[in-house]
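Working notes for the structure below.
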Amino acid sequence: MKLGILFGGRSYEHDISVITAIEVAAALKGRAEVYPIYAKDGEFYFVKGEMKLENFASRRVKKKKLRFCKKKGRGCVSVGLKKTVLDAVILCCHGGEGEDGRFSALMECYDFPYTASGPLASAVTMDKRMTKILAAEKGFPTAKGVVGRRSEDVIERAKGLKYPLIVKPARLGSSIGIEVAHDETELIGAVALAFSFDTDVVIEEVVSPVTELNCAAFREGDEVVVSGVESPKSWHEFLTFKEKYEGGKYKSGSNRIVRGNLAQRVGELTEKVYRAFELNGVARIDYLYDEQADILYLNEINSQPGSLAYYLFEEVGIEFSDLLIRVVNDAIRRASQTDIICFNSRVLDNLSALSQK
Numbered sequence: 334m335k336l337g338i339l340f341g342g343r344s345y346e347h348d349i350s351v352i353t354a355i356e357v358a359a360a361l362k363g364r365a366e367v368y369p370i371y372a373k374d375g376e377f378y379f380v381k382g383e384m385k386l387e388n389f390a391s392r393r394v395k396k397k398k399l400r401f402c403k404k405k406g407r408g409c410v411s412v413g414l415k416k417t418v419l420d421a422v423i424l425c426c427h428g429g430e431g432e433d434g435r436f437s438a439l440m441e442c443y444d445f446p447y448t449a450s451g452p453l454a455s456a457v458t459m460d461k462r463m464t465k466i467l468a469a470e471k472g473f474p475t476a477k478g479v480v481g482r483r484s485e486d487v488i489e490r491a492k493g494l495k496y497p498l499i500v501k502p503a504r505l506g507s508s509i510g511i512e513v514a515h516d517e518t519e520l521i522g523a524v525a526l527a528f529s530f531d532t533d534v535v536i537e538e539v540v541s542p543v544t545e546l547n548c549a550a551f552r553e554g555d556e557v558v559v560s561g562v563e564s565p566k567s568w569h570e571f572l573t574f575k576e577k578y579e580g581g582k583y584k585s586g587s588n589r590i591v592r593g594n595l596a597q598r599v600g601e602l603t604e605k606v607y608r609a610f611e612l613n614g615v616a617r618i619d620y621l622y623d624e625q626a627d628i629l630y631l632n633e634i635n636s637q638p639g640s641l642a643y644y645l646f647e648e649v650g651i652e653f654s655d656l657l658i659r660v661v662n663d664a665i666r667r668a669s670q671t672d673i674i675c676f677n678s679r680v681l682d683n684l685s686a687l688s689q690k
């Protein structure tokens with residue numbers, strides 16, 4: 334089986350995507366032939382040789398420009414004159430154009446089976462504002478808050494909320510641009526920062542005391558397979574992007590595993606959220622657990638989580654390589670069910686006949 338690994342993209346989380354792709358390539362050794370596709374500065378490249386972190390870190394990646402095409406109705410990639418048909422593409426992009434539905438749409442245009450949610454589900458879950466609106470429609474609790482656009486007076490609308498407040502750009506991940514405000518002065522600064530990253534913001538009351546909980550899932554036919562549940566380690570009030578990835582404090586899989594009744598509740602809710610948002614591939618869903626009120630709040634949906642959340646599935650006995658093969662097989666199954674059947678239409682013939690009269 335020949336599998337593309339699509340990673341990179343124009344995103345603040347570009348480097349995290351590179352790490353995920355390297356992990357995926359390593360996990361697939363002996364299971365599949367990998368074809369690395371690197372999205373960089375609006376172009377696509379085939380990465381030559383072994384995927385090594387030091388090559389990307391030192392900017393010494395050997396790559397050739399690539400284009401997508403089709404061959405006998407199947408998606409393929411072309412480097413120079415050589416065309417390569419891919420059985421499926423594993424999407425390893427985080428944030429930006431890779432996770433907001435654009436790359437999913439690209440895969441569909443060229444008929445590649447791909448391991449991610451479709452364009453619409455990806456776009457909705459990438460947007461915290463839309464996620465909050467749809468969650469309310471579906472009956473999933475979220476923290477009390479307001480959403481707003483740059484043209485709206487969100488400071489005025491937030492006056493009914495209780496401090497501290499957390500301010501988030503609507504379409505960024507990994508805590509980028511997120512600030513906690515303890516008074517109106519801090520709120521004004523936090524909103525200004527969020528608007529420097531995005532045209533839409535979400536302002537919510539900070540849930541306290543709180544336990545953060547993460548759970549992942551993937552689709553396998555009609556079944557939704559749910560992972561174990563973790564409670565991420567936290568520093569200060571919330572992790573910033575710098576603390577998460579640049580400070581060396583955050584490591585996937587080093588967090589506390591949650592078991593028992595709470596884990597069961599999170600798992601059941603994760604399946605419901607996964608189905609309600611019509612997700613595909615591996616998605617990680619993050620919650621805020623209000624211990625005093627015993628309420629699980631939906632916080633965020635990551636349609637392409639870092640490391641594809643493989644460490645959460647190890648808790649339920651699914652190794653990384655098996656996880657990848659299972660989501661690939663499901664992507665191929667879904668693609669086979671959505672093939673467009675062409676039919677002959679007489680509309681243009683009739684118009685041509687009318688024009689000749």
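Numbering (my numbering), first residue to last: 334 to 690. Even glycine gets a Cβ: it sits at the ideal position worked out from N, Cα and C. The model shown is predicted, which means the values in this text are computed figures rather than measured ones.
- prompt: By DSSP, does L526 sit in helix, in strand, or in coil?
  reply: Note: L526 maps to helix in three-state DSSP.
query: If we ignore side chains and look at the alpha-carbon of each, how far apart do M440 and G434 end up?
result: Roughly 10 Å between the two C-alpha positions.
message: Between S541 and the ligand ZN, is there a pair consisting of the residue's CB and a ligand heavy atom that are separated by less than 7 Å?
response: The ligand ZN is not part of this structure, which contains no ligands at all.
message: Considering only the alpha carbon of each residue, which of S654, E538 and G341 lies closest to S350?
response: It is G341.
field: Within the segment 389-465, ranges of the beta strand (DSSP E) (whole runs, at least 3 residues)
entry: 396-398, 400-404, 407-412, 415-418 and 421-424
field: Opening and closing residue of the alpha helix (DSSP H) in which K381 lies
entry: Per DSSP, K381 belongs to no alpha helix (DSSP H) and is neither H nor E.
- prompt: Using 8 Å as the Cβ pair cut-off and three pairs as the minimum, do the segment 439-457 and the segment 349-365 touch?
  reply: no
task: Would you decide whether I352 is buried or exposed? Buried here means 16 or more other CB atoms lie within 10 Å of its CB.
output: buried
query: Can you tell me the Cα-Cα spacing of G580 and R392, whole angstroms?
result: Low confidence applies here, because G580 scores a pLDDT of 46, under 50, leaving its location unreliable; read the following figure in that light. Here the alpha carbon of G580 sits roughly 21 Å from the alpha carbon of R392.
message: Can you give me the C-alpha to C-alpha distance between H347 and G429, rounded to a whole angstrom?
response: A straight-line Cα-Cα distance of about 9 Å links H347 and G429.
Selected residue, minimal CA-CA separation from L498, among A438, R552, L520 and K381: L520
query: Taking Cβ positions, are D532 and R483 nearer each other than 8 Å?
result: First, the residue type needs correcting, since residue 532 is Thr and not Asp in the sequence shown. Their beta carbons are under 8 Å apart, which means T532 touches R483 by this criterion.
- prompt: Which one or two residues does DSSP pair with T544 in a beta bridge?
  reply: DSSP, once it has assigned bridges, lists Y622 as partnering T544.
field: I499, DSSP secondary structure in three states
entry: strand
- prompt: Roughly how many angstroms separate the alpha carbons of V660 and N632, rounded to a whole number?
  reply: Here the alpha carbons of N632 and V660 stand approximately 25 Å from one another.
query: Among the residues of its own chain, which have a CB less than 8 Å from the CB of K397, if the five just before and after it don't count?
result: The residues are Y378, F379, K381, V412 and G413.
query: Around the C-beta of T671, are 16 or more other C-beta atoms found within 10 angstroms, so that it is buried, or is it exposed?
result: Burial call: exposed.
Same chain, Cβ closer than 8 Å to R598, five either side skipped, listed in chain order: L629
field: Where D682 falls, given that 16 or more other Cβ within 10 Å makes a residue buried
entry: Exposed.
field: Nearest residue (CA-CA) to Y371, options V418, D420, K405 and L424
entry: When only C-alpha atoms are compared, the closest one is L424.
message: Measuring CB atoms only, is the segment 544-552 touching the segment 597-612, in the sense that at least three cross pairs come out at less than 8 Å?
response: Three or more Cβ pairs drawn from the segment 544-552 and the segment 597-612 lie within less than 8 Å of each other, which places the two stretches in contact.
- request: Pull up the distance between the alpha-carbon of A491 and that of L621, whole angstroms please.
  value: 20 Å
message: So C426 and S344 are supposed to be a Cβ contact under 8 Å. How far apart are they, rounded?
response: 7 Å
task: Measure the beta-carbon distance from D420 to L336 and round it to whole angstroms, keeping in mind my assumption that it falls under 8 Å.
output: 6 Å
- prompt: Does the beta-carbon distance from A527 to G510 come in below 8 Å?
  reply: yes
Simplified DSSP state of I511, which is helix, strand or coil: Here DSSP, grouped into helix, strand and coil, assigns I511 to coil.
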